[in-house]
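A.B. asks: FYI, the numbering for the sequence shown is 74 to 294, going by my numbering.
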Amino acid sequence: MPPRTRNRHLDIETPEGPGRFWIADADTPAALLIMGHGAGGGVDAVDLSVLASRLPDHGVTVARFEQPWRLAGKKVASPPPRLDTAWNAAVPSLLTELPGLPYYFGGRSAGARVACRTAPGFPDVRGVVCCAFPLHPPGRPDRSRAAELLGAALPRLVVQGERDSFGTAEELGDLVAPGDTVSIVAVPGADHSMKTAKSAPISPAQVRDLITDAVLGFVAE
């Protein structure tokens, strides 16, 4: 096996075409966080990037999966079943590359949905990290995806903007029943992209710190 270095990549063949893991290795890894990107962007989204850049310093290796549609340069994301197929095919190869680590699924937006839907098929998953979970399309609360989030019978962390048009932190909090293993962390003033206005109560740097601390606390439990 070649020496592990930060931000190396691992190409994986899937039934949907080639996918790619971007791996940020911890020097002394104690856990593995596997994250997927959204439908409107790639692995360089602010939340995914900050986790990949900071968590390895705390013993967490972060692997961001670039879906085949994105790697092929397509502009439109594949339908959810095809996203799940690619993820399910790619993860075992990653676990072979990084054996023995307790691992967590996660993602932002559509990637968070993939993580929630597929986690029950991997009995060793410790939990699911959701950044900007798309509870519903903007302006369409009647088209709820709550069942995907609540149906994963695992500890779940949701880091959600207070101004997210796909579902606010408050909306998500209202869905969580007593006893549910779902933790909601609100990002003050943040939208679906985790961006804040100048008038927001916290700065972009504080947003990045909040995301880091929330996820690190979850995977370190």
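Idealized CB from N, CA, C, for every residue including glycine.
1) For G184, which of helix, strand or coil comes out of DSSP?
2) First and last residue of the beta strand (DSSP E) that includes F138?
3) Compute the beta-carbon to beta-carbon distance between L230 and L248, rounded to the nearest angstrom, for a pair I have assumed lies under 8 Å.
4) Quick check on this structure: which residue in V258, D157 and I107 has the alpha carbon closest to the alpha carbon of A205?
5) May I ask you to verify whether the stretch 204-219 touches the stretch 138-148, counting CB pairs closer than 8 Å and requiring at least 3?
6) Pull up the distance between the alpha-carbon of D100 and that of V135, whole angstroms please.
7) For G146, tell me which candidate among P214, M267, Q279 and R93 has the shortest Cα-Cα distance.
8) So, for L167: in the same chain, excluding its five sequence neighbours on each side, which residues have a beta-carbon less than 7 Å away from its beta-carbon?
9) Check this for me: beta carbons of S182 and P211, under 9 Å apart or not?
10) Indicate the three-state DSSP secondary structure (helix, strand or coil) for F291 in the structure shown.
11) Please look up how many angstroms separate the CB atoms of G262 and T269, rounded, as I've assumed it's under 8 Å.
12) Quick check on V258: does DSSP put it in helix, strand or coil?
13) Using CA atoms only, rank isn't needed, just tell me which of V187, P165 and D197 is closest to Y176.
14) L208: which of G200, P193 and C189 sits nearest, CA to CA?
C.D. replies: To lay it out plainly:
1) In the structure shown, G184 sits in a helix (DSSP, three-state: H, G or I).
2) Here the beta strand (DSSP E) through F138 covers V133 to E139.
3) L248 and L230 do not touch by the CB rule: their CB atoms are close to 15 Å apart, not below 8 Å.
4) Nearest of V258, D157 and I107 to A205, Cα basis: V258.
5) No, the stretch 204-219 does not touch the stretch 138-148.
6) Answer to the nearest angstrom: the Cα atoms are 12 Å apart.
7) Nearest C-alpha to G146: R93.
8) Around L167: L83, F94, I107 and A136.
9) P211 is positioned such that its CB atom lies no closer than 9 Å to that of S182.
10) If DSSP states are grouped into helix, strand and coil, F291 belongs with the helices.
11) Taking the Cβ atoms as the reference, G262 lies roughly 4 Å from T269, within the contact range of under 8 Å.
12) Correct three-state label for V258: strand.
13) Y176 has its Cα closest to that of D197, out of V187, P165 and D197.
14) Comparing C-alpha distances from L208 to each of G200, P193 and C189 shows the shortest one belongs to C189.
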